[in-house]
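Asks:
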Amino acid sequence: MKNPYHPIPMIVKKASVETTDRMLRTLQLSFLNEEDAKAFRFIPGQFCELSIFGKGEAPLGIASSPTENGSLKFTINKAGVVTTALHHIEEGTEVGMRGPLGNGYPIDIFQGKNVLVIGGGFAFTTLRSLIAFFLHPENRNKVKDITVIYGARMPGLLLYKEELKEWEKRSDIKLVVTVDWGDKDWKGKVGLVPNVLEELAPSSENTYAVICGPPIMIKFTFPKLMALQFPDERIYTSLERRMKCGIGKCGRCNIGHIYVCNDGPVFNYAQLKKLPKDY
Amino acid sequence: MDNSWEPKILAFLCNWCSYAGADLAGTSRIQYPPNIRVIRVPCSGRINPLFILKALQGGVDGVLVSGCHPGDCHYLTGNYVGRRKSATLKRFLEYLGLEEGRVQFSWVSAAEGGKFSQVVGEVVQDIKKLGPIKRFVKK
Amino acid sequence: MNLKLDKKDLKPFLQSLIDEADLFAPVQLAEGVLVFKKIDRPDEVDLSSSNTQKPAKEVFSPQSETMFRYEKAGKQHQVTSTEEVERKRVILGVRPCDIQAVSLLDEVFLGKEYTDSYYLNNRNATTMIGMACGHPLSTCFCSSTGGGPFLRKGSDLFFIDLGESFLVELLTEKGMTFQKSNFFKEANTEEISLAKAIEEKALKKTDTSVPVEGIEKRLDLMVESSFWDRVHEKCIGCRVCTYLCPTCHCFDIMDEALTHGGQRVRNWDSCLSSLYSQETSGHNPRPTNRERTRQRIMHKFNYFPKNFGRIACVGCGRCILYCPVQFDIRQAINWTSAKRLKLQRGGRSTNP
Amino acid sequence: MIQKKIREKAKELLEKKMVDLIIGFGEWTLPLRTTPIFVRNPKEVDHLIWNSFCENNLSTYLHKFSHFKVGIVVKGCDARSITALSLEKRFKPDQLYLIGVPCQRMVDRRRVKKAVKGEILRASEQGDQIIVEGEDFKTALKREDFLYSSCQVCTHRTPTLANVLVGDPVEEIPMTETHPDIKEFEKKSPEERWKYFEKESSRCILCFACREACPMCYCEECFVDSSNPKWIEKSLSPSDNEFYHIVRAYHQTGRCSGCGACERACPMEIRLTYLTQKLNQNVKELFNFETGIDAETLPPLSTYETEDRQEFIK
Chain A
1 MKNPYHPIPM IVKKASVETT DRMLRTLQLS FLNEEDAKAF RFIPGQFCEL
51 SIFGKGEAPL GIASSPTENG SLKFTINKAG VVTTALHHIE EGTEVGMRGP
101 LGNGYPIDIF QGKNVLVIGG GFAFTTLRSL IAFFLHPENR NKVKDITVIY
151 GARMPGLLLY KEELKEWEKR SDIKLVVTVD WGDKDWKGKV GLVPNVLEEL
201 APSSENTYAV ICGPPIMIKF TFPKLMALQF PDERIYTSLE RRMKCGIGKC
251 GRCNIGHIYV CNDGPVFNYA QLKKLPKDY
Chain B
1001 MDNSWEPKIL AFLCNWCSYA GADLAGTSRI QYPPNIRVIR VPCSGRINPL
1051 FILKALQGGV DGVLVSGCHP GDCHYLTGNY VGRRKSATLK RFLEYLGLEE
1101 GRVQFSWVSA AEGGKFSQVV GEVVQDIKKL GPIKRFVKK
Chain C
2001 MNLKLDKKDL KPFLQSLIDE ADLFAPVQLA EGVLVFKKID RPDEVDLSSS
2051 NTQKPAKEVF SPQSETMFRY EKAGKQHQVT STEEVERKRV ILGVRPCDIQ
2101 AVSLLDEVFL GKEYTDSYYL NNRNATTMIG MACGHPLSTC FCSSTGGGPF
2151 LRKGSDLFFI DLGESFLVEL LTEKGMTFQK SNFFKEANTE EISLAKAIEE
2201 KALKKTDTSV PVEGIEKRLD LMVESSFWDR VHEKCIGCRV CTYLCPTCHC
2251 FDIMDEALTH GGQRVRNWDS CLSSLYSQET SGHNPRPTNR ERTRQRIMHK
2301 FNYFPKNFGR IACVGCGRCI LYCPVQFDIR QAINWTSAKR LKLQRGGRST
2351 NP
Chain D
3001 MIQKKIREKA KELLEKKMVD LIIGFGEWTL PLRTTPIFVR NPKEVDHLIW
3051 NSFCENNLST YLHKFSHFKV GIVVKGCDAR SITALSLEKR FKPDQLYLIG
3101 VPCQRMVDRR RVKKAVKGEI LRASEQGDQI IVEGEDFKTA LKREDFLYSS
3151 CQVCTHRTPT LANVLVGDPV EEIPMTETHP DIKEFEKKSP EERWKYFEKE
3201 SSRCILCFAC REACPMCYCE ECFVDSSNPK WIEKSLSPSD NEFYHIVRAY
3251 HQTGRCSGCG ACERACPMEI RLTYLTQKLN QNVKELFNFE TGIDAETLPP
3301 LSTYETEDRQ EFIK
């Protein structure tokens, strides 16, 4: 039997700073052992516990798509001891990874439907995984229209800038990128995500919304979705809590009897409504 | 006791006096035992007792804290405040049963290269007498 | 067949256990302070007190447990697991409340998708020798929570203290391996009826009045209740109740680094500590003692039953006995119930 | 008598709306003990009691009620904690109303329990005796013999700086003559002293009850909880336990009122007051300072004198 607390050895293949404030860094990890790579299956929205020996573990959403074989991508916000260490780690160094953990986005439920993806700030990571998954030729016909609204405070803080440019050129995805404050080079939209959503007013018919971002954005976006008549069951979001074990043993990440690590992190709004307001 | 054992002593030296004193000892070619490892701090008042304890827990055989003479503090009163902390900490550790002399204090000015060498010599002698630290060390 | 162990044979019996396995039993650390510890010599064992401070969960889920060690090798690491239990284990002198608590820990650590290897190995390696509770304390309410001072479930062997000897019952396959033990003799009818009498007396003594029946449903309606505004007031958030609780199982995972390697360990943690749920950003979903006290009580009596169908309290009374400010969980339960039942000593307080 | 006066005063304060709540002691489920209670309704003041089992230092709760006007029942030690906390600017000046009780010194429930065989089910006070009853026994114990060690050496039993004193001031013993067990302890060799400290702290389970029970331990982040720098590891190791206890105690230098709340809270019965008592003695000897005696003198480690002793400095 496999010990769920043992990390899988990974190697940092590539590291790149994403944003101008240098607080977000993307690590591309590849498996040290071939058999681990083969055994690793995940769906967008799941997360892993990345560890640096001697520093500890931190839960991080997987930013790469399952369709991108052989490696995993994580975008890390520099916050605590572990994430700071992950910011300083050099290419070629070993890190530990436990996962995939959690439930992920309900890909099967989205089949044949339109998907509206709303993201804000660095919470865009697992959304990127979801979008990249559906944009893959093998999966593109699984869902109908894909609409993406992605906002950041400033242009420099947008993640995956190159990829956003590519998506913008494509005809099979409608992408709206917005910033709270533009700068002199910014030609795109300026405006807060909830307002952009209101303006865009996508139809809720046959559509699932996936929303992920800072609490303040979520707070103001939910009413807009309600106004567009999205039913609670068709609004999905991913929660964040302090986690340690990631497998529902250590306590602490529960909201009511639900463990965010194991039963989540992805919930629909109907599920969330039933939980105590403990988040 | 094994004669080849040499104590490891951590010295916290204040930037303005004792560190300069150590420097003077060096440039004046005054010899002192090589057992000390120096950490330069802005002021002897900056010493948090946690620093001293962490050092002892980590296995140094002794700690020396050295600052400006009373009245000479670059920050006017830092060493006075530090003096009270030192006095209470030293007494407390000895009461607990840590050997007297593991933690020592001195005033060394920037002009006292000779005194610095003498202080280090005394501290090393004291700690050699005590032997390697056994209590409190993390194994 | 009923067996017995004469008390004069206890030491040789313990020695035989030590020779065969790692023996864990109550040990007195200071006057009146007992914990379960690995025994080196039979005379360390102290079976005189009614219960230990730290519960027997420590043998299965130790307060500090190394998960693996690592050694640096260039840019990579050599990882050595510590999950194997090398020797068989016997735990002696466990009270029925603690044994019942272990069955609750089983649900958490063994159940659902993931199995906790460390816990499983500790569990599999261990033979459990239960000890009947002949003299339950006034703070004991195991009979209210589905247990009892003579509950045998979960024990491999069960001892009943008869004064001069222990009546021994072999309950499981693991227990039956002791059938041929030289130290056990056949018990006579007198001894068997004495054991019965002690059992009846003990059963009468434990408190059955704590209204845990239906508490899950009651608490369902109380999540946002002003009840919590008062309940937490006297709690100072000291964690004693959670560390000494036989069913509390939360832990924290940390790395301890040395120069060339280190280890990953897990330590008990407590929902009453503010850091427990505090996120790196500084946001804390349970910002005050009110939410944390609610978490403690809701977890035991609402969330746990929702997940596993049983309440996570075995009525050992430790949290009542050792709380520095006398937070009484029986009263907290009482207060969730419309009819407030009287305790042996009617007190008056504005908080449980 | 004292109990009656406490209730009267509490009633008056609540009725006149001078305070939002009264923190005091109430009777509860265990014998030999009382529990902190929070009275908001003048009709409930009869829940307030006073006896020799009022062992908690209620000033710990003031951090929890920092936005309220609080009336609080205080013993000598509790009052001194509050003075020390005021010096550290933890309260607004008019926020508190201290109902001071000259303290008869509290009974150590653990010592009583250890003195009798069998479980104590009921306990009461009669004159200078403690009557304890169990299933098959009833014993009278001399109160004086079962006092908390921190109470035995208490030098200021009458609350200083209380708004009202219920009961007559008691005679105080000066500090220099006390602490016989510190004297005893100091006679031992350093090795024996360290062994004792090692043995005591080895029982520690790092539950931090001593910290939480202490009114002076209110740091936003305790040094043990800091992750960067990480001062101690939280897995039980002898050295880390010792580290915690040295620093926890030392941080009380010139701040400890000697109430003994830390020791009373410890589930493993670790002796802690022999550490803080010594610290108190040190600041008395070195800086002629006693915690919480007056509301002006700064705590010794926040200030200095140019003439402070320095014979230990080379």
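Chains as they are written, first to last, in our numbering: chain A, 1 to 279; chain B, 1001 to 1139; chain C, 2001 to 2352; chain D, 3001 to 3314.
Ideal Cβ placement from N, Cα and C applies to all residues, glycine included.
Measuring alpha carbon to alpha carbon, tell me which residue in A/Asn114, A/Ala79, A/Leu29 and A/Arg41 is nearest A/Thr93.
Replies: A/Leu29
Asks: How big is the Cα-Cα spacing for C/Glu2058 and D/Ala3265?
Replies: 21 Å
Asks: If distances are taken between C-alpha atoms only, which option among B/Ala1110, B/Ala1111, B/Glu1122 and B/Gly1113 comes closest to B/Val1103?
Replies: B/Glu1122
Asks: With distances taken Cα to Cα, identify the nearest neighbour of A/Asp21 among A/Arg98, A/Thr178 and A/Pro155.
Replies: A/Pro155
Asks: Are three or more beta carbon pairs between the segment 2183 to 2191 of chain C and the segment 2126 to 2135 of chain C nearer than 8 Å?
Replies: no
Asks: Which residue marks the beginning of the alpha helix (DSSP H) containing B/Asn1079, and which one marks its end?
Replies: Gly1078 to Leu1096
Asks: Which residues of chain C have a Cβ atom closer than 9 Å to the Cβ of A/Thr93, listed in chain order?
Replies: Lys2075 and Gln2076
Asks: Which residues share a DSSP beta bridge with D/Lys3092?
Replies: Answer is none; D/Lys3092 lacks a bridge partner.
Asks: Spell out whether any CB of chain C is found under 8 Å from the CB atom of A/Pro276.
Replies: yes
Asks: Taking D/Tyr3061 as part of the beta strand (DSSP E), name the residues at either end of that continuous run.
Replies: Note, D/Tyr3061: premise wrong, no beta strand (DSSP E); not H, not E.
Asks: List the residues of chain C whose Cβ lies closer than 8 Å to the Cβ of A/His257, in chain order.
Replies: Chain C residues near A/His257: Asn2302, Tyr2303, Phe2304, Lys2306 and Asn2307.
Asks: Across which residues does DSSP place A/Met217 in a beta bridge pair?
Replies: For A/Met217, which the question treats as bridged, DSSP gives no partner whatsoever.
Asks: Tell me which residues share the same chain as D/Leu3236 and place their Cβ nearer than 8 Å to its Cβ, disregarding the 5 neighbours each side in the sequence.
Replies: Cys3204, Ile3205 and Leu3206
Asks: Kindly indicate which residue of B/Tyr1032, B/Glu1100 and B/Cys1017 has the alpha-carbon position closest to the one of B/Leu1130.
Replies: B/Glu1100
Asks: Mind listing the chain D neighbours of B/Arg1083? Cutoff is C-beta to C-beta under 8 Å, in chain order.
Replies: In chain order: Tyr3304, Asp3308, Gln3310 and Ile3313.
Asks: So, under 8 Å CB-CB, D/Gly3260 and D/Thr3291 are touching, yes? Tell me the CB distance rounded to an integer number of Å.
Replies: About 13 Å separates the beta carbons of D/Gly3260 and D/Thr3291, which is beyond the 8 Å limit, so they are not a contact pair.
Asks: Note the first and the last residue of the continuous beta strand (DSSP E) segment covering D/Arg3122.
Replies: Arg3122 to Gln3126
Asks: Less than 8 Å between the beta carbons of A/Ala63 and A/Ser129, yes or no?
Replies: Against a cut-off of 8 Å, the Cβ pair of A/Ser129 and A/Ala63 comes out as a contact.
Asks: Among D/Pro3102, D/Ser3239, D/Tyr3274 and D/His3156, which one has its Cα closest to the Cα of D/Pro3326?
Replies: The requested residue 3326 of chain D does not occur in the structure, where chain D is confined to residues 3001 to 3314.
Asks: Check D/Asn3288 in the structure and name its three-state DSSP category.
Replies: coil
Asks: Looking at chain C, which residues of the segment 47 to 58 of chain A have a Cβ within less than 7 Å of any of its Cβ atoms?
Replies: Phe53, Gly54, Lys55, Gly56 and Glu57
Asks: Please name the residue in C/Lys2300, C/Ser2274 and C/Pro2352 whose C-alpha comes closest to that of C/Thr2288.
Replies: C/Ser2274
Asks: Rounded C-beta distance between A/Thr67 and A/Leu159? I'm assuming under 8 Å.
Replies: 19 Å between Cβ atoms; not a contact.
Asks: Who are the near neighbours of C/Pro2305 in its chain, counting only those whose CB is closer than 6 Å to its CB and skipping five residues on each side?
Replies: Glu2216 and Ile2311
Asks: Could you give the C-beta distance for D/Thr3029 and C/Gln2326, rounded to a whole number, given that I count them as a contact under 8 Å?
Replies: 7 Å
Asks: Less than 8 Å between the C-beta atoms of C/Arg2286 and C/Ser2277, yes or no?
Replies: Yes, these two residues count as a Cβ contact at 8 Å.
Asks: In chain C, which residues lie with their C-beta within 8 Å of the C-beta of D/Arg3203?
Replies: Leu2029, Ala2030 and Val2033
Asks: Could you have a look at A/Val117 and say whether DSSP puts it in helix, strand or coil?
Replies: Here A/Val117 sits in strand by DSSP.
Asks: For D/Ala3010, which of helix, strand or coil comes out of DSSP?
Replies: helix
Asks: Which ranges would you report for the alpha helix (DSSP H) in the segment 1027 to 1059 of chain B if only whole runs of at least 4 residues count?
Replies: 1049 to 1057
Asks: Report the rounded CA-to-CA distance for D/Asp3020 versus D/Lys3069, giving the unit in angstroms.
Replies: 5 Å
Asks: Whose C-alpha, out of D/Lys3230, D/Asn3282, D/Ser3227 and D/Asn3228, is nearest the C-alpha of D/Ala3249?
Replies: D/Asn3282
Asks: Got a sec, what are the start and stop residues for the beta strand (DSSP E) A/Cys48 sits in?
Replies: Run containing A/Cys48: Phe47 to Ile52, per the beta strand (DSSP E) assignment.
Asks: Let me check one thing: in DSSP terms, what residues is C/Gln2028 bridge-paired to?
Replies: C/Leu2034
Asks: Exposed or buried, D/Gln3252, counting other C-beta atoms within 10 Å across all chains shown (16 or more means buried)?
Replies: Buried, since its Cβ has 16 or more Cβ neighbours within 10 Å.
Asks: Any C-beta of chain C sitting closer than 8 Å to the C-beta of A/Cys261?
Replies: no
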